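Report on the following structure.
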Amino acid sequence: REFHHMSVVNAPGGSDDLIAGGEAAMDYLGPGPPFNSGAHRYVVLVYEQKDGGAKDDALRAAAAAEFEGRGGKKAHAWAVGQGMKLVAVGAFEASWDESVDAAHKAMGFMPPPEYQSPSQQA
4 REFHHMSVVN APGGSDDLIA GGEAAMDYLG PGPPFNSGAH RYVVLVYEQK
54 DGGAKDDALR AAAAAEFEGR GGKKAHAWAV GQGMKLVAVG AFEASWDESV
104 DAAHKAMGFM PPPEYQSPSQ QA
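Going by this note's numbering, 28 is the number at position 25 of the sequence shown; the sequence numbering is gapless.
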């Protein structure tokens, strides 16, 4: 199941910092794999916008609306549907550690009982 952690649009090509140079459609929410749920895969997809990356003011609103709620959305299918071309992929894995409990609290999320850490069960 996909969970959308961030969307940035209208990032200038060739920049060393695509995120800072672009416009956030959805602010970054870091990894938060629940306790006892194993390693989670996180994938970064970079697309070139249609028309060679020309700025598209409507794209930011469209991305924000599409990925509202963050979970269960298909990022690649949406991007291709917007005429974008996949140009780079990166990935990493993360597992639960004690810092995740604070992240869950900050976002108002409590995992199901079988995935609650000892401190979340207390």
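Yeah, the Cβ is synthetic: ideal placement off N, Cα and C, and Gly gets one too.
It should be emphasised that the depicted structure is a prediction, and the values quoted were computed from it without experimental measurement.
- Boundaries of the beta strand (DSSP E) harbouring K88: K88 to A97, taken from the DSSP string.
- R63 places its beta carbon 8 Å or farther from that of E96.
- Remark: C-beta atoms of A91 and E5 do not approach each other more closely than 8 Å.
- As a beta-bridge residue in DSSP terms, A27 pairs with V11.
- Cβ neighbours of D19 within its own chain (closer than 6 Å, five residues either side excluded): none.
- Proximity to E26 across A42, D60 and G41 peaks at D60, based on C-alpha coordinates.
- CA-to-CA, the gap between A66 and A125 works out to about 38 Å.
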